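A short worksheet on the structure shown next.
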Amino acid sequence: MRKKMEERKIDEIFDSIVIGAGHAGCEAALALARTGNKTLLLTISLDAIAFLACNPSIGGTAKGQLVSEVDALGGEMGIIADKTAIQIRMLNSGKGPAVQSLRAQADKNAYHTEMKKALENEKNLYVRQGEAVDIFVESGNKFVKTSVGLIYQANSIVFATGVYLKSEIIIGKTREYVGPNGFKNSSHLSDSLKNLGIKLLRFKTGTPVRLHARSINYQEMEVQKGDDDIFSFSYMTDKPIENKTVCYLTYTTPTTHEIIKSNLDKAPAISGEIKGIGPRYCPSIETKVVRFADKQRHQLFLEPEALDTQEMYLQGFSTSMPAEIQKEMVHSVAGLESAEIMRDAYAIEYDCIEPTQLKPTLELKSIEGLFFAGQINGTSGYEEAAAQGIIAGINASLYNQNKEQLVLKRSDGYIGVLIDDIVTKGTNEPYRMMTSRAEYRLLLRQDNADMRLTEIGRKVGLVSDERYARFLNKKEKLAKIEEKLQGKVKIDEKMKKLFSENDENLPKESMKLRDILKRNNIDIFKLNDAYHIYGNEDRHLLELINIKIKYEGYLKQQQEDIDKMLKNENAIIPNDFDYSQAKGIREEAKEKLAKIRPLNLGQASRISGVSPADISVLSILIKRKEK
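Mapping the sequence shown onto my numbering, position 515 (from 1) lands on 572, and the numbers just tick up by one.
Written out as structure tokens, the structure is:
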């Protein structure tokens, strides 16, 4: 390396370099630049910045929580999603608040344009088109060489290459060595990562066909409208999001299934021609037909890609079948008998890293100052990528400042759950965030992400003065709303009417307003209608207090569980702990612990193959070492 560096001068020196400008790279680069680091964002194509390669939607079950958490920390995704949304809905609105999540259909072209503007207008951030082909590390400094021979130096690097590493697009027997949407792929960086001793995996994902809007028979479909007057992703958005379009629901037919079954030998995802491991929770349509053989039909959603195009996205119809078979399949769907295909569906294989090689800070264990975020870590989804990106950017910044890095706990947010899962357990398929993965999901709701994480974002220097002032103002308003519920009311005609109309038993004595709110059938809005406690308070703030009081018992129990968990999280395992000499711990557990090198007992307890008995022994050994 030294000889190579002497042969060529360094073209420019930065504090940090971010490789890749997808959703992880954008958040990482902005986090670094906003915390005072001279940052290079190196992307293979400026036209691919924040590109919505698959569904042009932001949010969804559990993913909406991730977007609001990124926003609460000072990120950009929520702001851009609100600005470019053309339809927004609250998923699971008929269920409890723990599983409710926002989902927005975004304007694909506008999203790219607005994020590109945000990057270009950020001081300290230098956006450059170029392909990173080689990485060198020497004396604490890191060097990135591009395909045109330029060499950049930095103190830290964030790898956010998405699905571009040696990517191949597959349609039937046709393979193209390109990235999503035909963008150029990264053909050399994988080898450079291997040379650094990094273990790579091969994963697969895919995307459905795009159809021309004029060729669709909407009369055969169910209209899916957006929701009005629901809160937004970003706490910086002032106005409700306007629904500008509708989506449609249709279904596959028995004919669709018959076409698929009779052509399975031509399906690379089924025949074994595709070696990469695909996502369990977003399978191809042919995989769904095979896996759920008894199911008569599958849901499909038609969603606009943008306001300035006629392209419609057929959600649920991902496939790698040959193009001529795709046409037959599409035409067998209700309402799509005459549909015009504008873009064929395809599968894409790509390299990613084994994520257990990372610390919970997303820094590589074997080389300081190298951070990884997004689909290169084996995850799927824009939201999961952005969540990792902001944490990798924050920690690369803290690394540059020689400060202690940030580790979000599972009790802090979905981001903490996501990162803990992949670095502790690893993943053998593209990882997707779901509410069921979060054991404290009632506390980790979308509506309170700012209350949980804004102080953390402020501490690391990412939350702006304006955002922090809004946060403090909101806290003050919530305190006043809750304080008004301390007042007592007597049994009078108002109370009798309220309880009678809502089928509640009348109390025997006067009650606090707060206690009335705990009744099953009375919420804060009905209470306000009866007693006129509040004036023009924001209904979303009232709903926050409503949830807090309604679920007080459950929240208290979850907090007690968290407090117990934190005892193990606070039991730090020394970096130099020698597991091979740990008497009383099983050999399998020793191997797993030595591989993962957990930060604390809590993380150690979540490693597959490490038993509670192993943790008990480890706890004793740590205490002995401390003494």
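Note that CB positions come from ideal geometry on N, CA and C, so glycine has one too.
In this text, all values refer to a predicted model and were calculated from it rather than measured experimentally.
Buried versus exposed, by CB contacts within 10 Å (16 or more), residue i
i, result
"G662", "This sequence places Ser at residue 662; Gly is not what is there. That one is buried."
"R59", "Unreliable positioning characterises R59 in this predicted model, as indicated by a pLDDT of 41, which lies under 50. The coordinate reading is nonetheless provided below. So R59 ends up on the exposed side."
"V215", "buried"
"I629", "exposed"
"Q372", "buried"
"H589", "exposed"
"E315", "exposed"
"S158", "buried"
"E425", "exposed"
"Q445", "buried"
"G610", "exposed"
"E394", "exposed"
"H80", "buried"
"K649", "buried"
"D633", "exposed"
"S454", "buried"
"Y209", "buried"
"L563", "exposed"
"D671", "buried"
"S437", "buried"
"Q414", "buried"
"Q615", "buried"
Contact set for residue i: own chain, Cβ-Cβ below 7 angstroms, skip 5 residues either direction
i, result
"C304", "Q144, Q162, Q281, F358, L359 and E360"
"A396", "L268, S272, I273, V387 and H388"
"T218", "I76, G77, S243, L246 and I433"
"N452", "T418, L419, E420, F428, Q462 and L463"
"Q543", "K569 and R571"
"A4", "What the structure shows of the chain is the stretch from 58 to 684, and residue 4 is not part of that stretch, so it cannot be assessed."
Residue i - containing beta strand (DSSP E), residue span
i, result
"F260", "L257 to T264"
"K371", "Per the sequence shown, the amino acid found at residue 371 is Leu instead of Lys. Residues E368 to Q372."
"H589", "No beta strand (DSSP E) holds H589; DSSP gives it neither H nor E."
"I115", "S114 to G116"
"T231", "T231 to E233"
Cβ neighbours of residue i in the same chain (closer than 6 angstroms, five flanking residues each side left out)
i, result
"D477", "R467"
"D286", "P297"
"E133", "L87 and A175"
"L103", "Q186"
Simplified DSSP assignment, three categories, for residue i
i, result
"C339", "coil"
"D295", "coil"
"H314", "helix"
"V201", "strand"
"D104", "helix"
"P655", "coil"
"V517", "coil"
"R354", "coil"
"E195", "strand"
"M568", "strand"
"H245", "coil"
"V127", "helix"
"Q462", "coil"
"S676", "helix"
"P361", "strand"
"Q503", "helix"
"M490", "coil"
"K545", "strand"
Residue range of the unbroken alpha helix (DSSP H) whose run includes residue i
i, result
"A404", "Premise fails: A404 lies in the beta strand (DSSP E), Y403 to I410, not in any alpha helix (DSSP H)."
"A534", "The sequence as given places Lys at residue 534; Ala does not occur at that position. That run of the alpha helix (DSSP H) goes D522 to E540."
"G473", "Y471 to K482"
"C304", "No alpha helix (DSSP H) contains C304, which is instead part of the beta strand (DSSP E) from C304 to Y308."
"E225", "It is not in any alpha helix (DSSP H) - E225 instead sits in the beta strand (DSSP E) that spans E225 to I228."
"H724", "Since the first and last residues shown for the chain are 58 and 684, residue 724 lies out of range."
"M399", "Taken as a continuous stretch (DSSP letters only), M399 belongs to no alpha helix (DSSP H), being part of the beta strand (DSSP E) at I398 to R400."
"F556", "E550 to E558"
"A444", "Y439 to N457"
"E279", "Note, E279: premise wrong, no alpha helix (DSSP H); beta strand (DSSP E) at E279 to Q281."
Residues near residue i by beta carbon distance below 8 angstroms, same chain, minus five either side
i, result
"R502", "Q122, P154, A155, Q157 and I604"
"S150", "Q157 and D284"
"N300", "I143, Q144, I145, K282, G283, D284 and D285"
"P631", "I679 and K682"
"L623", "K466, S468 and G659"
"M172", "C83, I106, A107, E133 and I137"
Worksheet item: Would you call the segment 586–606 and the segment 527–535 in contact, with 3 or more CB pairs under 8 angstroms?
Response: yes
Worksheet entry | the segment 254–268 in contact with the segment 362–376 per 3-pair CB rule at 8 angstroms | yes
Worksheet item: Do three or more CB pairs link the segment 480–489 to the segment 507–527 at distances below 8 angstroms?
Response: Verdict: no, contact absent.
Fill in: the segment 184–201 contacting the segment 248–262, beta-carbon criterion three pairs below 8 angstroms
yes
Worksheet item: Is the segment 107–116 close to the segment 195–215, with three or more CB pairs under 8 angstroms?
Response: no
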